[in-house]
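**Q** Just so we're on the same page, this note's numbering is the position in the sequence shown counted from 1, plus 471. We treat Cβ as the ideally placed atom computed from N, Cα and C, and that holds for glycine. Before I ask anything, here is the structure I am working with.
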Amino acid sequence: MNKIIIKKILYFVILISMLPFLLSLLGADFSSYNNYNINVRVFDGELNLDDIFIFLRGDSIHAVLEWTSIIIAIITFIFSLIHYRINKMIMVPIFGLAIFSAGVMDALHILISLRLINIDIFHQEIVVLTWLLSRCFFCIVLFIGVIFVLKSKSKLVGDKMIYFIALATYIVFLSYYIFKQILFFSNTPDLIVADAFFKRPYDLIPILLLLLLFPALLRIYKKNQTYLGFSLIVSVIPMVILEMHMVFGSDKLFDHHFNIAHFLKIIVYSIPLIGLALDYIYLNKSLVES
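In structure tokens, the structure reads:
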């Protein structure tokens with residue numbers, strides 16, 4: 472592994488993770504909600520198509536951010552399977568599966584947010600709930616993958632692909648179960664407390680899970696020193712920062728901190744993809760040289 476590249480990745484991730492906060496200190500506002508009173512336009516009989524798009528500006532930006540992260544999650548998963556076909560490291564598709572499963576939950580989150588799936592709960596509450604479930608789900612699947620990798624005595628465990636298939640099947644059924652439960656939710660706890668110090672107290676759960684996960688990711692990196700392993704460690708930085716934006720800053724949909732968190736999630740999913748690409752490049756290079 473090239474130490475210079477590792478340092479550049481680390482510095483870049485820290486910079487891009489802190490950049491929205493630094494721009495905020497300079498007065499930048501990334502909110503996309505608006506106080507546009509569409510009811511007045513309807514009452515006056517002046518409503519047109521532009522008014523509708525202005526009113527839905529927050530939903531549109533939210534959809535773009537979410538679908539970008541979902542596409543990256545899918546690409547990362549496909550790339551991890553290709554990577555596995557070459558070097559047979561089972562940790563690669565497992566972590567790719569963790570990111571893909573989070574992408575599936577993100578898809579559920581945005582479909583509900585866009586009201587393409589009708590839920591009989593106040594819109595803001597179900598959007599906040601599905602965001603929280605997506606973040607927790609990602610951490611839990613990552614935990615399962617970490618446990619499996621740490622218990623593997625060898626990094627070349629091609630005969631254990633059956634465990635990956637079993638894990639993937641379990642995640643599919645778990646995702647279906649969560650989706651089914653969401654459909655029948657009648658009420659949710661107070662997920663946003665606007666006047667409190669912790670605006671979204673339940674978003675502390677993913678932060679705690681990530682802090683517990685971090686030492687295990689370090690052990691995996693020491694066991695198998697790959698760019699993917701390093702990228703997973705580094706990705707914890709934007710993961711924690713985006714949750715801090717939600718916990719301490721976001722008190723409504725599409726506000727300043729809400730959009731920053733969704734942007735940083737794109738970074739979180741992109742970092743392992745970069746790690747996979749670097750592993751693939753240097754693997755090919757080593758094969759050519761040999």
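If you compare alpha carbons, which of MET560, GLY700, ASP722 is closest to ALA665?
**A** What you label residue 665 is simply residue 194 of the sequence shown in a count that begins at 1. Considering only alpha carbons, the answer is ASP722.
**Q** To the nearest angstrom, how far is the alpha carbon of ILE691 from that of ILE561?
**A** By one-based count along the sequence shown, residue 691 stands at place 220. By one-based count along the sequence shown, residue 561 stands at place 90. When the Cα atoms are used, ILE691 and ILE561 turn out to be separated by approximately 12 Å.
**Q** Given a threshold of 16 other Cβ atoms within 10 Å of its Cβ, counted over all protein chains shown, does ALA544 qualify as buried or as exposed?
**A** Mapped onto the sequence shown, residue 544 falls at position 73. For ALA544, the number of other beta carbons within 10 angstroms of its own is at least 16, and it is reported as buried.
**Q** Are there 16 or more other CB atoms within 10 angstroms of the CB of GLY746, so buried, or fewer, so exposed?
**A** Numbered from its first residue, the sequence shown carries residue 746 at position 275. Classification for GLY746: buried.
**Q** Would a C-beta distance cut-off of 9 Å place MET715 and TRP602 closer than the cut-off?
**A** Along the sequence shown, one-based indexing puts residue 715 at 244. Along the sequence shown, one-based indexing puts residue 602 at 131. Cβ distance not < 9 Å, so MET715 and TRP602 don't count as in contact.
**Q** Can you find the residues in the same chain that come closer than 7 Å, C-beta to C-beta, to GLY498, ignoring five residues on each side of it along the sequence?
**A** Translated into positions along the sequence shown, residue 498 becomes position 27. If we look at GLY498 and ignore the five residues flanking it on each side, it has no Cβ neighbours.
**Q** Would you check if the stretch 738-753 and the stretch 696-703 touch, i.e. whether three or more CB-CB distances between them fall below 8 Å?
**A** yes
**Q** Considering only C-alpha positions, which residue in the set LYS474, GLU537, ALA573, ILE480 is nearest to LEU645?
**A** Translated into positions along the sequence shown, residue 645 becomes position 174. Among LYS474, GLU537, ALA573, ILE480, the Cα nearest to that of LEU645 belongs to ALA573.
**Q** Is the beta carbon of ALA687 less than 9 Å from the beta carbon of VAL612?
**A** What you label residue 687 is simply residue 216 of the sequence shown in a count that begins at 1. What you label residue 612 is simply residue 141 of the sequence shown in a count that begins at 1. No, they are not a contact pair.
**Q** Going by other Cβ atoms of all chains shown within 10 Å of its Cβ, with 16 needed for buried, is ASN730 buried or exposed?
**A** Counting from 1 along the sequence shown, the entry for residue 730 is found at position 259. That one is buried.
**Q** Using the C-alpha atoms, what's the distance from VAL484 back to PHE635?
**A** Within the sequence shown, numbered from 1, the residue matching residue 635 stands at position 164. Within the sequence shown, numbered from 1, the residue matching residue 484 stands at position 13. Taken atom to atom, the span from the alpha-carbon of PHE635 to that of VAL484 is near 29 Å.
**Q** Going by other Cβ atoms of all chains shown within 10 Å of its Cβ, with 16 needed for buried, is SER605 buried or exposed?
**A** Position 134 of the sequence shown, counted from the first residue, corresponds to residue 605. Buried, because 16 or more other Cβ atoms sit within 10 Å of the Cβ of SER605.
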